[in-house]
Amino acid sequence: MFTLPLSKENFTKQRTLIAQSEHFEIHSFLYNSGVHAVEIKNAKGHLVILPFMGQMIWDAQFLNTDLCMKNMFSEPKFAKTIVETYGCFAFHAGMIRMGCPSPQDDHALHGEMPCATMDSAWLEINDDSVVIKGSYEYVMGFGDHYLATPSVKLNKDASVFDIQMVVKNLASVNMPLQYMCHINATYVENAVMTQNIPDAALMLRETVPAHVQPTPQWLAYNDSLKTSVPISMLDKPDMHDPEIVYFMDDIARYADRAVFRMQLSDDKFMQTEFDTHEFNCATRWLLCNGDQQVAAFALPATCRPEGFLAAKECGSLLYLQPHEERCFTVRTGICPVV
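Per this note's numbering, the sequence shown runs over residues 80 to 417.
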């Protein structure tokens with residue numbers, strides 16, 4: 080294995096081949112917005128990762144399929160909050176705050192990590208895999224202090240990949256922790272969603288957040304969902320505007336490893352899997368309108384994405400002891416039906 084440091088000064092608007100092997104091609108480039116990007120390509124497809132902006136995955140295409148949500152952004156924009164550049168395939172939500180804030184919360188949507196300015200980034204390359212890593216130190220006077228080390232690993236000839244987050248509390252006091260691996264999967268009409276946990280574990284969100292503007296038709300539809308089995312087929316796209324959300328809590332009681340699938344066609348399905356002792360909650364988020372179309376069939380998390388105060392009040396907020404470290408890993412992507 081060899082390590083290749085990434086330096087912002089070496090990125091240009093012209094795609095530059097920075098590493099190549101029998102199984103991989105890696106390019107660096109700048110978007111017109113000035114955002115730095117790295118493309119990692121294997122025989123099955125490619126990832127485009129923003130190494131210095133929260134290490135979000137901007138683009139993911141494998142098996143001739145675009146895995147990303149439909150959105151309004153032609154390219155990533157420099158931003159402080161995720162809504163200012165909401166066009167990526169996946170981002171890290173957290174770490175001390177996460178979710179949709181209530182009026183009483185003091186944080187932005189999904190916290191400080193999604194668009195964090197990374198301190199460093201590098202590639203770890205060997206014959207069988209490429210890993211892109213980054214480091215971000217969050218420190219606030221009289222407040223929290225942690226080190227986040229996200230990474231994405233793509234193996235040769237693979238159409239699935241691993242998204243990892245390692246977080247260490249550098250402070251001398253306990254640190255609150257909320258984290259979600261926010262995967263914005265494509266919305267394909269008539270796709271079928273399944274999982275290895277029971278339907279009864281999926282709880283419809285019955286509250287209406289401030290950013291949701293319901294119509295009378297949507298309110299009636301949402302009311303009907305309260306007494307029906309969870310949505311498993313994307314056959315009513317016109318009713319997924321505004322969004323439909325399901326929460327799954329304490330899922331470790333059902334399986335040690337959660338496996339969620341979304342069948343896109345007869346020959347392909349998307350899959351997201353994770354250890355439920357790392358992520359004991361998950362969310363399903365469905366939205367389909369003229370500007371955004373997303374079927375986030377599985378968003379692994381440590382708690383519901385309802386903001387800091389809600390997690391604190393219901394007891395789902397985690398705490399890291401001084402110098403304690405935690406690691407979270409999600410495997411996601413697309414697979415052929417065999």
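The C-beta atom is built at its ideal place from N, Cα and C for all residues, glycine as well.
query	result
For leucine 313, the residue or residues it bridges with in DSSP	Per DSSP, none; premise fails for leucine 313.
Beta-carbon contacts of threonine 355 that lie in its chain and below 7 Å, excluding the five residues immediately before and after	Ile330, Ala331, Ala334, Asp335, Arg336 and Ala337
Bridge-paired residues (DSSP) for isoleucine 128	Val117 and Ile136
Helix, strand or coil at aspartate 145 according to DSSP, with G and I counted as helix	strand
Lysine 212: first and last residue of the uninterrupted beta strand (DSSP E) it sits in	208-218
One or two residues paired with aspartate 354 in a DSSP bridge	Arg336
Neighbourhood of arginine 94 by C-beta, 8 Å cutoff - its chain only, sequence neighbours within 5 removed	His106, Ser107, Phe108 and Glu118
Of the listed residues Leu256, Trp364 and Leu226, nearest to glycine 394 (C-alpha basis)	Leu256
Under the three-state DSSP convention, the category methionine 259 falls into	strand
Proline 295 in three-state terms, based on DSSP	helix
Residues that phenylalanine 348 bridges to, as DSSP identifies them	Gln342 and Cys414
CB of glycine 386 within 9 Å of CB of cysteine 260, strictly	no
Residue interval of the alpha helix (DSSP H) (run including lysine 159)	Neither: lysine 159 is in no alpha helix (DSSP H) and is coded neither H nor E.
Backbone secondary structure at alanine 270 - three-state DSSP	coil
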